[in-house]
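Working notes, beginning with the structure itself.
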Amino acid sequence: MINEVYSFALKNALDEIRNICPDITHAFMFREDGEIVIGDQNTPEKNIVQAVNAFEGIFEKADSIGHVECITLESSNGRVNVFFMNELYFLIVTSRNADMNYVNTVTHVLIPTILRLVEKICPAPLKSNSSLTETRPEPKPETPIFEESEEPEPLRESIEESEKSVEPETTPDLLLPEPPVNQLIVENLGGLLVPSDTVRIDSAILAQWEELYEDKKIEEVEIETFDGKKTTCKVKPIKDSKYDGKGTVQMPEKIQSTLEIKKGELVRAKPIVE
Amino acid sequence: MVKKKKSFQEEVTAVAEPIATEEMTRTSDFRANLEEIKTWNGVIGYILRNTTSAAIDLKDPTKIIDYAILSSSALDAAEELSTFFDLGKVKHIVVEGKDIKVLSLILGENKISVFLEKDADCEKVLTKLR
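Quick look at the structure:
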């Protein structure tokens with residue numbers, strides 16, 4: 001789940017939908033290429049993967065019926081509904097006695113609204129999600145709906161205030177694409193030979209950034225906390241397979257201290273392209 | 275995602291050698307019903323398969339292979355999803371595209387897919403088949 005962090009808002013939405021519609025036993029979202037966007041907290045990722053794989057044959061021949069817009073499965077103990085909205089497939093499993101009018105009303109109103117909202121909040125990432133599927137550029141993110149840790153804010157020299165660049169990505173004019181913003185979870189990076197000015201990020205994310213910028217090597221990255229503290233540092237791919245592909249950024253203690261964050265917290269990262 | 279190879283090996287023939295008279299009668303009934311359904315407005319065609327034979331009647335013969343694979347994939351997906359989510363016996367699955375929808379179900383040993391225009395009434399078809 002490359003996009004799991006960016007999907008935080010959607011995950012909350014799915015969980016809330018399940019709260020108000022207890023008849024929904026499972027809910028998750030995926031793309032046609034099989035990439036899982038998000039799942040509710042009660043559905044193990046393994047089950048989601050199996051379920052998404054089950055649709056592969058259908059999607060392969062979907063052109064013959066004009067692209068899959070909806071799938072409905074009726075079984076003796078419940079049903080599965082899959083809807084296509086905003087370039088994503090949204091799957092819900094409901095119990096046999098579910099009031100489908102209510103469920104449909106909730107899901108068909110809430111989910112598109114949330115997707116639109118997320119798209120408005122972070123236009124660049126979501127647009128690239130939909131429009132760059134063929135070239136698979138970058139995974140998304142950016143959703144200021146998080147509540148970050150509430151630490152005090154003594155400013156340090158290397159930290160800039162965020163107000164200048166709150167919306168740097170709304171001017172889609174120039175030569176280079178806007179820098180994609182990825183939300184990542186902070187992991188510790190330690191060791192004797194670890195440079196204190198370098199963070200490590202998923203190799204897949206770096207590759208997508210480089211692809212987006214026509215194979216320019218990304219050597220620096222801007223890290224921003226949800227409190228608005230920013231710093232620029234060097235970046236390298238994660239070496240430890242335990243952390244690679246998990247939506248994490250490995251960060252030396254010094255940078256964590258500069259940003260006043262710690263392991264487990266979320267930050268935004270975007271490439272710096274000269 | 276792991277690729278799942280599916281082959282649609284059934285031959286497109288008329289109903290072949292009867293194995294059991296009762297089963298053949300049932301299959302014949304389904305065929306008769308499907309023939310009638312096919313005359314309805316908005317019905318594009320059908321595929322009927324069982325262990326010994328397959329019958330396909332579609333308005334556009336160039337789509338036979340695609341529709342056959344889609345039909346087979348839909349029924350496989352239905353079985354798998356029903357197992358993953360512990361939903362019990364599959365009743366039917368409807369795959370809706372922008373232009374066409376496919377209603378697939380298993381009745382006895384017969385796997386049936388009916389291809390309909392987007393606005394056609396699936397419930398009416400289901401009622402007729404059951």
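Chains A and B are the protein sequences, given in the same order.
Counting in the numbering used here, the first sequence runs from 1 upward without gaps.
Counting in the numbering used here, the second sequence runs from 275 upward without gaps.
Where is the CB? At the ideal position from N, CA and C, for every residue including glycine.
Pairwise C-alpha distance: residue j and residue i
i	j	result
ILE71 (chain A)	SER95 (chain A)	16 Å
ARG300 (chain B)	LEU400 (chain B)	16 Å
ASN97 (chain A)	ILE20 (chain A)	15 Å
LEU322 (chain B)	VAL368 (chain B)	16 Å
LEU192 (chain A)	LYS239 (chain A)	15 Å
VAL181 (chain A)	LYS398 (chain B)	50 Å
ASN53 (chain A)	ARG31 (chain A)	11 Å
GLU35 (chain A)	ILE205 (chain A)	15 Å
GLN50 (chain A)	THR258 (chain A)	42 Å
ALA62 (chain A)	LYS392 (chain B)	14 Å
ASN22 (chain A)	LEU266 (chain A)	In the sequence under discussion, the amino acid at residue 22 (chain A) is Pro, which differs from the Asn named in the question. So the alpha carbons of these two residues sit roughly 30 Å apart.
TYR320 (chain B)	LEU381 (chain B)	14 Å
TYR341 (chain B)	ASP395 (chain B)	19 Å
ILE111 (chain A)	GLY57 (chain A)	26 Å
ALA329 (chain B)	VAL93 (chain A)	33 Å
ILE17 (chain A)	VAL364 (chain B)	26 Å
TRP209 (chain A)	ALA351 (chain B)	35 Å
VAL118 (chain A)	GLY66 (chain A)	28 Å
ASN12 (chain A)	ILE24 (chain A)	15 Å
ARG305 (chain B)	PHE389 (chain B)	15 Å
Counted within 10 angstroms of its Cβ, other Cβ atoms place residue i as buried (16 or more) or exposed
i	result
TYR102 (chain A)	exposed
GLN250 (chain A)	buried
GLU370 (chain B)	buried
ASN188 (chain A)	exposed
SER241 (chain A)	exposed
PRO271 (chain A)	buried
PRO152 (chain A)	Since pLDDT at PRO152 (chain A) reaches only 42, below the 50 mark, its modelled position is unreliable, and the value read off the structure follows with that caveat. With fewer than 16 other Cβ atoms within 10 Å, it is exposed.
PRO44 (chain A)	exposed
HIS26 (chain A)	buried
GLU222 (chain A)	buried
ARG116 (chain A)	exposed
ARG404 (chain B)	exposed
GLY247 (chain A)	buried
ASP227 (chain A)	buried
Residue i - DSSP class collapsed to helix/strand/coil
i	result
ARG404 (chain B)	coil
ALA301 (chain B)	The sequence shown places Thr at residue 301 (chain B), not Ala. Helix at THR301 (chain B).
ASP340 (chain B)	helix
GLY39 (chain A)	strand
THR72 (chain A)	strand
LEU10 (chain A)	helix
ALA394 (chain B)	coil
LEU206 (chain A)	helix
PRO271 (chain A)	strand
TYR243 (chain A)	coil
LYS333 (chain B)	coil
VAL399 (chain B)	helix
PHE28 (chain A)	strand
VAL103 (chain A)	helix
ILE321 (chain B)	strand
ALA98 (chain A)	coil
LYS46 (chain A)	helix
PHE389 (chain B)	strand
LYS375 (chain B)	strand
GLY316 (chain B)	coil
Within-8 Å CB hit, residue i to chain A
i	result
SER347 (chain B)	yes
LYS416 (chain B)	Residue coverage of chain B in this structure runs from 275 to 404, which leaves residue 416 (chain B) outside it and unanswerable.
ALA352 (chain B)	yes
SER356 (chain B)	yes
LEU344 (chain B)	yes
PHE304 (chain B)	no
TYR341 (chain B)	yes
VAL368 (chain B)	yes
ILE380 (chain B)	no
ASP373 (chain B)	yes
In DSSP terms, what residue i is bridged to
i	result
PHE83 (chain A)	A:CYS70 and A:PHE90
TYR213 (chain A)	According to DSSP, which records beta bridges pairwise, TYR213 (chain A) is partnered with nothing at all.
MET251 (chain A)	A:ASN188
CYS233 (chain A)	A:VAL221
LEU266 (chain A)	A:ILE185
THR198 (chain A)	A:LYS234
ILE380 (chain B)	B:LYS385
Chain B within 8 Å of residue i, Cβ atoms only
i	result
PHE55 (chain A)	yes
LEU73 (chain A)	yes
ALA62 (chain A)	yes
ILE17 (chain A)	no
GLY39 (chain A)	no
GLU142 (chain A)	Its pLDDT being 41, under 50, GLU142 (chain A) is placed unreliably in this model, and the value from its coordinates should be taken loosely. Not one chain B Cβ lies under 8 Å of GLU142 (chain A).
SER250 (chain A)	Inspection of the sequence shows that residue 250 (chain A) is occupied by Gln rather than by Ser. Not an interface residue.
ASN42 (chain A)	no
SER257 (chain A)	no
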